[in-house]
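Colleague:
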Amino acid sequence: MGHPATKPSPGTGTDHGAWFQVHRRAQRPRLRLVCFPHAGGTANLFQSWPALLPADVELLAVRYPGRQSRLLEPFAPDLPTLADEIHTALEPYLDRPLALFGHSMGSAVAYEVALRLDGRGRTPTRLLVSGRVAPHRAAPTDLHTGDDETLIADVRQLGGPGAEAYDDPELRELTLPALRADYRLVETYRPRQPKPLRTPITAYAGESDPDCPPDGVRAWSELTAPGGFDQRWFPGGHFYLTPSEPELLADLTARLA
Numbered sequence: 001m002g003h004p005a006t007k008p009s010p011g012t013g014t015d016h017g018a019w020f021q022v023h024r025r026a027q028r029p030r031l032r033l034v035c036f037p038h039a040g041g042t043a044n045l046f047q048s049w050p051a052l053l054p055a056d057v058e059l060l061a062v063r064y065p066g067r068q069s070r071l072l073e074p075f076a077p078d079l080p081t082l083a084d085e086i087h088t089a090l091e092p093y094l095d096r097p098l099a100l101f102g103h104s105m106g107s108a109v110a111y112e113v114a115l116r117l118d119g120r121g122r123t124p125t126r127l128l129v130s131g132r133v134a135p136h137r138a139a140p141t142d143l144h145t146g147d148d149e150t151l152i153a154d155v156r157q158l159g160g161p162g163a164e165a166y167d168d169p170e171l172r173e174l175t176l177p178a179l180r181a182d183y184r185l186v187e188t189y190r191p192r193q194p195k196p197l198r199t200p201i202t203a204y205a206g207e208s209d210p211d212c213p214p215d216g217v218r219a220w221s222e223l224t225a226p227g228g229f230d231q232r233w234f235p236g237g238h239f240y241l242t243p244s245e246p247e248l249l250a251d252l253t254a255r256l257a
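Following this line, the structure appears as structure tokens:
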């Protein structure tokens, strides 16, 4: 049975819409997939996904403040506050089932948003986390307090998309503050005592990702109900999702069916 007719999806001209880039709008979406970028990343990371997703899946990507169309806005002060604001901005989109996908830092943000939705009885259909160990297993780091070269070196060794922007002085001046602000968010994030979600969790990671030891990825299983966790590994490193995009999206589509 199909869903009954509903109001058109919220647009991007509202205050809520400022938070989201709608990469695909559906008139009667079966499900909305909300994607959360990595540290220093933007909603553009997911712009090629609609071609590989079913037509009835509406795709939204989060626009973090302090970059692109939100360049003049202040950065979020901390990760829980960022999650609070995204949770509030999602309100107009809750008339359909919601799934959350986060990559790297985005996984931690998506988890915190899932906690807030779950606490209201608006449990997401699935939390899909990528390139990130479970929040309570993250090793402490403080790269955000270091010099620019140290921060950029970390991005380069992870193979992040757009790392060449840091070679251009003007682009570097434009993009580095957002990168540092995001590293600060995730490095100062102290999750509360783990509380299992009712949401099932799928974890994805690259087989050679130095930030994703297997035991840390498996620890996501502690944040959902027994039997609610699965994982899949792909060839590649931290940004495996770029070369493995067709395979990742095929797997993701099957889990959201």
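Heads up: the sequence shown is residues 1 to 257, going by the UniProt record's numbering. Each residue gets a CB set at the ideal place from its N, CA and C atoms; glycine is no exception.
Which of the three DSSP states is assigned to S9 in this structure?
Modeller: Legend: pLDDT at S9 = 38, less than 50; position of this residue unreliable, value from coordinates given subsequently. In this structure, S9 counts as coil in the three-state DSSP scheme.
Colleague: CB P135 to CB A99, shorter than 8 Å?
Modeller: Going by C-beta atoms, P135 is not nearer than 8 Å to A99.
Colleague: Return the chain-ordered list of same chain residues with a C-beta closer than 6 Å to the C-beta of Y204, the five sequence neighbours on each side being excluded.
Modeller: Taken in chain order, the residues that qualify are S130, R232.
Colleague: At which residues does the beta strand (DSSP E) containing G119 begin and terminate?
Modeller: Taken as a continuous stretch (DSSP letters only), G119 belongs to no beta strand (DSSP E), being part of the alpha helix (DSSP H) at 105-119.
Colleague: Short check: CB of L176 to CB of Y166, under 8 Å?
Modeller: Going by C-beta atoms, L176 is nearer than 8 Å to Y166.
Colleague: Return helix, strand or coil for G102, following the three-state DSSP convention.
Modeller: Here G102 sits in strand by DSSP.
Colleague: Report the option in R180, D230, L59 whose CA atom is closest to the CA atom of T141.
Modeller: When only C-alpha atoms are compared, the closest one is R180.
Colleague: Between the Cα of G237 and the Cα atoms of R132, D118, W49, which residue gives the shortest distance?
Modeller: Nearest of R132, D118, W49 to G237, Cα basis: R132.
Colleague: At 3 residues or longer, and completely inside the stretch 162-228: list those beta strand (DSSP E) runs for me, N to C.
Modeller: The stretch 162-228 contains these whole beta strand (DSSP E) runs: 201-206.
Colleague: CB-CB under 7 Å to L94, same chain, minus the five flanking residues each way: which ones, in chain order?
Modeller: For L94, where only same-chain residues beyond five positions count, the Cβ hits under 7 Å are R122.
Colleague: Around the C-beta of P54, are 16 or more other C-beta atoms found within 10 angstroms, so that it is buried, or is it exposed?
Modeller: Looking at its Cβ environment, which holds fewer than 16 other Cβ atoms inside 10 Å, P54 is exposed.
Colleague: Are there 16 or more other CB atoms within 10 angstroms of the CB of A43, so buried, or fewer, so exposed?
Modeller: A43 should be labelled buried.
Colleague: Identify every residue that forms a DSSP beta bridge with L127.
Modeller: Per DSSP, L100, I201.
Colleague: Answer with buried or exposed for R192, where buried requires no fewer than 16 other C-beta atoms within 10 angstroms of its C-beta.
Modeller: Burial call: exposed.
Colleague: When DSSP labels each residue in this structure, what does H144 get in the three-state scheme?
Modeller: The answer is helix: DSSP assigns H144 an H, G or I state.
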